[in-house]
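Student:
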Amino acid sequence: MVVPYLGTLAWIRSLNFTVIHLWRPWLVDGEIAGLQLFELKSRLLLLFPVCRYSRKHSNNFTFATVKGGGHTAPEYKPKECFAMFKRWISQDPL
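If you're matching positions, the sequence shown starts at 997 in the working numbering and goes up one per residue.
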């Protein structure tokens, strides 16, 4: 699911989760592909189209981004989105 990131970040902040890892990059073929922010045990995946980093909270919730993804990230960044989805579905870390 691709969603606007500002509203999503505001919603996540309202949950008052403790930050475990600040923003960090995730890579595809050795290059920064996006940002990881939170990961939820239910494996909810949220994409954000501006940056390439991640952030993790105490409840295992991760918020991830795809740099340059735009509103239709899979159309503009198919390799990065596929890598993110493949890692998510196989429960591998970004």
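Glycine included, each C-beta is placed from N, C-alpha and C at the ideal position.
Going by C-alpha distance, which of 1012, 1006, 1030 is nearest residue 1069?
Tutor: That would be 1030, whose Cα lies nearest to the Cα of residue 1069.
Student: Using 10 angstroms around the beta-carbon of residue 1015, count the other beta-carbons present and answer buried if the total reaches 16, otherwise exposed.
Tutor: exposed
Student: From 1085, 1080, 1087, 1086, pick the residue whose C-alpha is nearest to that of residue 1022; which is it?
Tutor: 1080
Student: How would you call residue 1082, buried or exposed, if buried means at least 16 neighbouring beta carbons within 10 angstroms?
Tutor: Exposed is the call here.
Student: Just verifying my parser: in three-state terms, what is the DSSP assignment at residue 1003?
Tutor: helix
Student: Quick one: measure Cβ to Cβ for residue 1024 and residue 1076, integer angstroms, because I've assumed they're closer than 8 angstroms.
Tutor: About 5 angstroms; that satisfies the 8 angstroms criterion.
Student: Counting along the chain, where does the beta strand (DSSP E) carrying residue 1021 start and finish?
Tutor: 1015 to 1024
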